[in-house]
Amino acid sequence: MAGTFYSGAKVLADLIDEIADKLIAEGWTDGDTTWDTTDRTVGANNARRCLYHSTDDIYLTLECHDQSYWVYSTSYQAKGLRIAFHSTWDSVNHTYPNMDYHTYVPFFGRSSTTPVTNCFSTQLTYYCWVDSTGFVLMARPEANSTDNLQVSAITVVERIASKEYSDGLTNFYNYTKLNYEGWRNTAGNSLGRCHNMCRPFTYTNSWSTEGIQFWHADYHAFKSDGNGKVYYAKPLIFNDQAETMPIGQSELFFMFSEGGGLVDGDVVAIDGATTKFLCIGMDSPDNTGRVNYAIKYVE
Numbered sequence: 001m002a003g004t005f006y007s008g009a010k011v012l013a014d015l016i017d018e019i020a021d022k023l024i025a026e027g028w029t030d031g032d033t034t035w036d037t038t039d040r041t042v043g044a045n046n047a048r049r050c051l052y053h054s055t056d057d058i059y060l061t062l063e064c065h066d067q068s069y070w071v072y073s074t075s076y077q078a079k080g081l082r083i084a085f086h087s088t089w090d091s092v093n094h095t096y097p098n099m100d101y102h103t104y105v106p107f108f109g110r111s112s113t114t115p116v117t118n119c120f121s122t123q124l125t126y127y128c129w130v131d132s133t134g135f136v137l138m139a140r141p142e143a144n145s146t147d148n149l150q151v152s153a154i155t156v157v158e159r160i161a162s163k164e165y166s167d168g169l170t171n172f173y174n175y176t177k178l179n180y181e182g183w184r185n186t187a188g189n190s191l192g193r194c195h196n197m198c199r200p201f202t203y204t205n206s207w208s209t210e211g212i213q214f215w216h217a218d219y220h221a222f223k224s225d226g227n228g229k230v231y232y233a234k235p236l237i238f239n240d241q242a243e244t245m246p247i248g249q250s251e252l253f254f255m256f257s258e259g260g261g262l263v264d265g266d267v268v269a270i271d272g273a274t275t276k277f278l279c280i281g282m283d284s285p286d287n288t289g290r291v292n293y294a295i296k297y298v299e
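1 is the number of the first residue of the sequence shown in full-length UniProt numbering; add one for each residue after it.
Below you can see the structure in the form of structure tokens.
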């Protein structure tokens, strides 16, 4: 099946279902049918899905965490989306045997205490592309008057179709970037730690975008004043944090900088192909910092 672009507003559990159901339609397998989103108990983490990719023999879990975690020492708690890769699965106890490689997207945050946000009633405005290789999601939480550290984010799960060399590892990676990261460090609870890059099963990185490289010019992508065309480079994915072992490039997204002729809502069409990318610039209810990325829009 062809990839699909989605946009709208949903609660996190419904968004997880949308992504999981589409991945299954694209050839993935339901990794554990007991993992579903029917139990939406406030304060719990039971709305969740498990996917299995047979080619890489890997499990992917998507969990809606309404239980909050300290994500920056004892000064910031958050609820959100946990994405994790697992090499094995305990089909008797219906869980992963241990915590493998993951990231945490803390959409709903509050300083010093528990967020009031209910993940099962608070909506996310989102833009999402899903195909057989994975998905790219950009989302902004609905504002409320109490929580004061809500963030918007992009998170990408992608299987690189063909790596540059055989490394004995999976073809997957996960990239996550928040529009505000001044609160985050490695003191956070391990379950609630946001990793910018996750390369199963070799490393996770909490501090920077080591392991993925965008075009570092004055503008990450720009529109030419001369011919009106857009020039950009797909991000390079590496097998190490030092960025000495490139294994491939993303086909799902690229970064752009505002000020280079591209703005939120622009559509970039690829010459000689039907493929298009939608430029999305997104701040959050509590911070004017922005995530600016073009995500796949048309196959």
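The beta-carbon is built from N, C-alpha and C at its ideal position, and this holds for glycine as well.
Just so you know, these numbers come straight off a predicted model, no measurement behind them.
Two segments are said to touch when three or more pairs of C-beta atoms, one from each, lie closer than 8 Å; by this definition the region 33-43 touches the region 60-68. Taking a contact to require three or more Cβ pairs closer than 8 Å, the region 76-83 and the region 202-210 do not qualify as touching. The beta-carbon distance between residue 123 and residue 22, rounded to whole angstroms, is 19 Å. This is too long to meet the 8 Å contact definition. Inter-residue distance for residue 168 and residue 257 is about 35 Å (C-alpha atoms, whole angstroms). For residue 98, the closest of 89, 8, 297, 222 by C-alpha to C-alpha distance is 89. In the DSSP assignment, residue 223 falls within the beta strand (DSSP E) that extends over 221-223.
Here residue 196 is near residue 175, since their CB atoms are less than 8 Å apart.
Between the beta-carbon of residue 136 and that of residue 154 there is about 7 Å, and that keeps the pair under the 8 Å contact cut.
Annotation: residue 107 to residue 29 spans about 27 Å, alpha carbon to alpha carbon. Taking C-beta atoms as the reference points, residue 86 and residue 59 count as a pair closer than 8 Å. Per DSSP, residue 158 is one residue of the beta strand (DSSP E) stretching across 153-159. According to DSSP, residue pairing for residue 245 in a beta bridge does not occur. One alpha carbon belongs to residue 31, the other to residue 200, and they sit about 18 Å apart.
When rounded, the separation of the alpha-carbon atoms in residue 267 and residue 4 is 16 Å. By the CB criterion at 8 Å, residue 132 and residue 26 fall inside the cutoff. Annotated three-state conformation of residue 178 is strand, per DSSP. Cα atoms of residue 109 and residue 72: separation of roughly 11 Å, rounded to the nearest angstrom. Distances from the CA of residue 219 to each of 118, 254, 275 were compared; the closest alpha carbon is that of 254.
With distances taken between CA atoms, residue 172 lies nearest to 158 out of 215, 158, 235. Taking 8 Å as the upper bound for CB-CB distance, residue 119 and residue 15 are not in contact here, some 10 Å apart. Residue pairing by DSSP places residue 49 opposite 62 in a beta bridge. Pairing residue 62 with residue 24 gives a Cβ-Cβ distance that is not under 8 Å. Comparing alpha-carbon positions, the option among 165, 35, 149 lying closest to residue 93 turns out to be 35. Runs of the beta strand (DSSP E) spanning 3 or more residues and lying entirely within the region 245-275 occur at 246-249, 253-255, 267-269, in chain order.
Beta-bridge analysis with DSSP links residue 68 to no other residue. Residue 15 sits in a helix when the DSSP states are folded into three classes.
The C-beta of residue 281 has 16 or more other C-beta atoms within 10 Å across all chains shown, which makes the residue buried.
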